[in-house]
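Residues 3 to 171 in this note's numbering are what the sequence shown lists, from first letter to last.
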Amino acid sequence: MTDHAPNKLQRSLMRLDEAPAFMRGFVQNIILRRAVPFTGTAGVKFVSLTPERVEVHLANEHRVQNHIGGVHASAMNLLAETATGMVVGMNVRDDCIPLAKELSMAFKKRATGGLKAVATLSAEQRAAMRASDKGEVQVAVTVTDEAGVEPVECVFTWAWIPSSRPAKN
Numbered sequence: 003m004t005d006h007a008p009n010k011l012q013r014s015l016m017r018l019d020e021a022p023a024f025m026r027g028f029v030q031n032i033i034l035r036r037a038v039p040f041t042g043t044a045g046v047k048f049v050s051l052t053p054e055r056v057e058v059h060l061a062n063e064h065r066v067q068n069h070i071g072g073v074h075a076s077a078m079n080l081l082a083e084t085a086t087g088m089v090v091g092m093n094v095r096d097d098c099i100p101l102a103k104e105l106s107m108a109f110k111k112r113a114t115g116g117l118k119a120v121a122t123l124s125a126e127q128r129a130a131m132r133a134s135d136k137g138e139v140q141v142a143v144t145v146t147d148e149a150g151v152e153p154v155e156c157v158f159t160w161a162w163i164p165s166s167r168p169a170k171n
């Protein structure tokens, strides 16, 4: 449960409760792929979405593999960016837009199988996003493979700025 009024993305996801249970995953992917269309191309699956924590998965399929059969570095980046961007997107005010500002990614080990990324925001970070129409936040994200190993260490910095358009409901 949120401690503030839900933003546009949160309100869209809350509408999932209106869909029959068997269709919610499908409808959720439609909503989220409108926000980030490239996630559908790569096959990113949205597993858990709250304003505090977002979890996404990416299977080790041919379309995202590198030359040695693992998940490509660019796909790892997409997964981490999607998780961090979605948790920011669930907290940014309706009169603002989120923008990826900076990323750092260090490759530590070879990944085994599919990957999971989990991004989180603290209560203080979320409050700062609600209090100002401009700012930036460093978003914690952990990427693990099927063996539970962290093949990459990532740091994403997201900014938010006032939207040039009036907020829509």
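For every residue, glycine included, the Cβ atom is placed at its ideal position computed from N, Cα and C.
- Bridge partners of Lys-118 according to DSSP: His-59, Thr-146.
- For the options Asp-19, Thr-114, Met-25, Trp-160, the alpha carbon positioned closest to that of Met-131 is the one of Trp-160.
- Taking all protein chains in view, the Cβ of Val-154 is crowded by 16 or more other Cβ atoms within 10 Å, so the residue is classified as buried.
- Rounded to whole angstroms, the gap between the alpha carbons of Gly-87 and Pro-100 is 8 Å.
- Pairing Leu-51 with Gly-137, the inter-Cα distance amounts to about 23 Å.
- The beta carbon of Leu-34 sits closer than 6 Å to the beta carbons of Phe-48 from its chain, once the five residues preceding and following it are set aside; these are given in chain order.
- Less than 9 Å divides the Cβ of Asn-62 from the Cβ of Gly-115.
- Less than 9 Å separates the beta-carbon of His-59 from that of Ala-119.
- For Thr-86, the enclosing alpha helix (DSSP H) covers residues 75–91.
- In this structure, DSSP gives Ala-102 an extended state, which the three-state scheme calls strand.
- Pairing Arg-128 with Ala-85, the inter-Cα distance amounts to about 15 Å.
- Judged by DSSP secondary structure, Ala-161 falls within the beta strand (DSSP E) whose first and last residues are 154–164.
- Per DSSP, Lys-110 lies in no beta strand (DSSP E) segment and is marked neither H nor E.
- In the DSSP assignment, Gly-137 forms a beta bridge with Trp-162.
- Per DSSP, the unbroken alpha helix (DSSP H) holding Ser-14 starts and ends at 10–16.
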